[in-house]
Amino acid sequence: MKLVKSHSSGIQEGDFTPMIDMVFQLIAFFMVLLNFNEADVNEEISLPLSVLARPPDGPIEKPITLHLRNDGGVMIGAESVPTVAGIKPYLRFETDQLTIENKRPRDATVIIRADRAVPTGKVQELIKVCQEAGFEKFALRAKEEIRGH
Amino acid sequence: MKIRSKSNDKVELLMTPMIDIVFQLLVFFIMSFKIVAQEGDFNVKMPLGFSGPGQPDLSAPVPLKVRLVAGPDGSIANIMFNDQSFGTEFEALRNRVISFLTPDRTPGSGSDNTEIELDCDYDLHYEEVIKAITAVSGYVKDNNEIERLVERIKFSPPRPPRGG
Numbered sequence: 051m052k053l054v055k056s057h058s059s060g061i062q063e064g065d066f067t068p069m070i071d072m073v074f075q076l077i078a079f080f081m082v083l084l085n086f087n088e089a090d091v092n093e094e095i096s097l098p099l100s101v102l103a104r105p106p107d108g109p110i111e112k113p114i115t116l117h118l119r120n121d122g123g124v125m126i127g128a129e130s131v132p133t134v135a136g137i138k139p140y141l142r143f144e145t146d147q148l149t150i151e152n153k154r155p156r157d158a159t160v161i162i163r164a165d166r167a168v169p170t171g172k173v174q175e176l177i178k179v180c181q182e183a184g185f186e187k188f189a190l191r192a193k194e195e196i197r198g199h
Numbered sequence: 010m011k012i013r014s015k016s017n018d019k020v021e022l023l024m025t026p027m028i029d030i031v032f033q034l035l036v037f038f039i040m041s042f043k044i045v046a047q048e049g050d051f052n053v054k055m056p057l058g059f060s061g062p063g064q065p066d067l068s069a070p071v072p073l074k075v076r077l078v079a080g081p082d083g084s085i086a087n088i089m090f091n092d093q094s095f096g097t098e099f100e101a102l103r104n105r106v107i108s109f110l111t112p113d114r115t116p117g118s119g120s121d122n123t124e125i126e127l128d129c130d131y132d133l134h135y136e137e138v139i140k141a142i143t144a145v146s147g148y149v150k151d152n153n154e155i156e157r158l159v160e161r162i163k164f165s166p167p168r169p170p171r172g173g
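So the sequences go chain by chain: A and B. Going by the working numbering, the first sequence opens with residue 51, and the numbers climb by one from there. Going by the working numbering, the second sequence opens with residue 10, and the numbers climb by one from there.
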């Protein structure tokens, strides 16, 4: 009886092309959806919901983001202050920066990301402190509420 | 002259390093991916002269007053629109604003000139204020488009805290 040689001596090569196609498509998908603009997002703050909260059409000119926590503390960038009044030196720094850029505080927009349970009086105090620093434009940030939920 | 003959051997590309890097990229993007709800802004323009004791701007239209009264736990206890009470229903406030604006809803007039001033209790939860701003700002129609109502919103001078 003659035995048939079942294994060829050459190296068998798989076709990688479909796999690479798929992997590149996956990378493209995640790259497009990835939001690197999470510097403004603060996990400590639970934003109020609103069905009208839609992302702005264009970029906001000179945004300054203030996070108002439930305990009344304010965060600007990586800095945190325990009271609303403590934000004044940081606002002065921001106005100085705007002056260097030949801008005025009224050209900037203060984005207020306040916790949903914070007393409204605290938000108004924060607005007042910003007004005293010369800021006029404010944006109250809310999270989009999906209808039917 | 000697002409070199082409070799019949296939030139093989080394795929392994590329696949290594590509998979690392893929893992990086998968790990960084996070589904977050979109955020949006309600614009409020409040120059300093508004809340201070200075000269009032006589050219500005008289704003509509919305008073938000807080309950003991910070939730909404009463909504008033130009001294008319609506209980705790923001939907009723929206309907009132719509009926108020209806005669003026012509292009270039009407809601563009209308301004609403929110007068809120100190202890009222901020969430309730956003609900009120949502109610007076507009609503989402059935085709998912937003119908804008009043876009000029400002706050009254802050009230003192309860018992303070």
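Note that the Cβ used here is the ideal one computed from N, Cα and C, for glycine as well.
CB of residue i within 8 Å of CB of residue j, strictly
{"i": "Arg171 of chain B", "j": "Asp132 of chain B", "result": "yes"}
{"i": "Met89 of chain B", "j": "Phe164 of chain B", "result": "no"}
{"i": "Pro169 of chain A", "j": "Gly147 of chain B", "result": "no"}
{"i": "Glu137 of chain B", "j": "Ile85 of chain B", "result": "yes"}
{"i": "Asn92 of chain A", "j": "Met69 of chain A", "result": "no"}
{"i": "Phe185 of chain A", "j": "Ala158 of chain A", "result": "yes"}
{"i": "Asn87 of chain B", "j": "Ser94 of chain B", "result": "yes"}
{"i": "Glu144 of chain A", "j": "Ile95 of chain A", "result": "no"}
{"i": "Leu245 of chain A", "j": "Leu118 of chain A", "result": "Missing from the structure shown is residue 245 of chain A; chain A here goes from 51 to 199 and no further."}
{"i": "Ala103 of chain A", "j": "Glu160 of chain B", "result": "no"}
{"i": "Thr123 of chain B", "j": "Leu73 of chain B", "result": "yes"}
Run of the beta strand (DSSP E) containing residue i, from where it starts to where it stops
{"i": "Ser84 of chain B", "result": "Looking at the DSSP string, Ser84 of chain B is not in any beta strand (DSSP E), and its letter there is neither H nor E."}
{"i": "Ser96 of chain A", "result": "Taken as a continuous stretch (DSSP letters only), Ser96 of chain A belongs to no beta strand (DSSP E), as it is neither H nor E."}
Contact belief for residue i with residue j at Cβ below 8 Å, rounded distance in angstroms
{"i": "Leu190 of chain A", "j": "Phe99 of chain B", "result": "Incorrect: roughly 16 Å between the Cβ atoms, too far for contact."}
{"i": "Ile107 of chain B", "j": "Pro98 of chain A", "result": "Not confirmed; about 22 Å, so no contact."}
Extent of the continuous alpha helix (DSSP H) run through residue i
{"i": "Asn152 of chain A", "result": "Neither: Asn152 of chain A is in no alpha helix (DSSP H) and is coded neither H nor E."}
{"i": "Val101 of chain B", "result": "First, the residue type needs correcting, since residue 101 of chain B is Ala and not Val in the sequence shown. First-last of the alpha helix (DSSP H) with Ala101 of chain B: Phe99 to Leu110."}
{"i": "Lys178 of chain A", "result": "Thr170 to Glu182"}
{"i": "Pro113 of chain A", "result": "From DSSP, Pro113 of chain A is part of no alpha helix (DSSP H) but of the beta strand (DSSP E) over Pro113 to Leu118."}
Chain A contact for residue i (CB, 8 Å cutoff)
{"i": "Gln33 of chain B", "result": "no"}
{"i": "Phe42 of chain B", "result": "yes"}
{"i": "Pro170 of chain B", "result": "yes"}
{"i": "Asn52 of chain B", "result": "yes"}
{"i": "Asp174 of chain B", "result": "No answer is possible for residue 174 of chain B: it lies beyond the span of chain B, which begins at 10 and ends at 173."}
Test: residue i CB closer than 8 Å to a CB of chain B
{"i": "Ala158 of chain A", "result": "no"}
{"i": "Pro139 of chain A", "result": "no"}
{"i": "Thr170 of chain A", "result": "yes"}
{"i": "Ala192 of chain A", "result": "yes"}
{"i": "Ala128 of chain A", "result": "no"}
{"i": "Asp146 of chain A", "result": "no"}
{"i": "Glu175 of chain A", "result": "yes"}
{"i": "Pro105 of chain A", "result": "yes"}
Identified DSSP bridge partners for residue i
{"i": "Gly147 of chain B", "result": "B:Arg157"}
{"i": "Ser100 of chain A", "result": "A:Glu194"}
{"i": "Asn52 of chain B", "result": "A:Ala189"}
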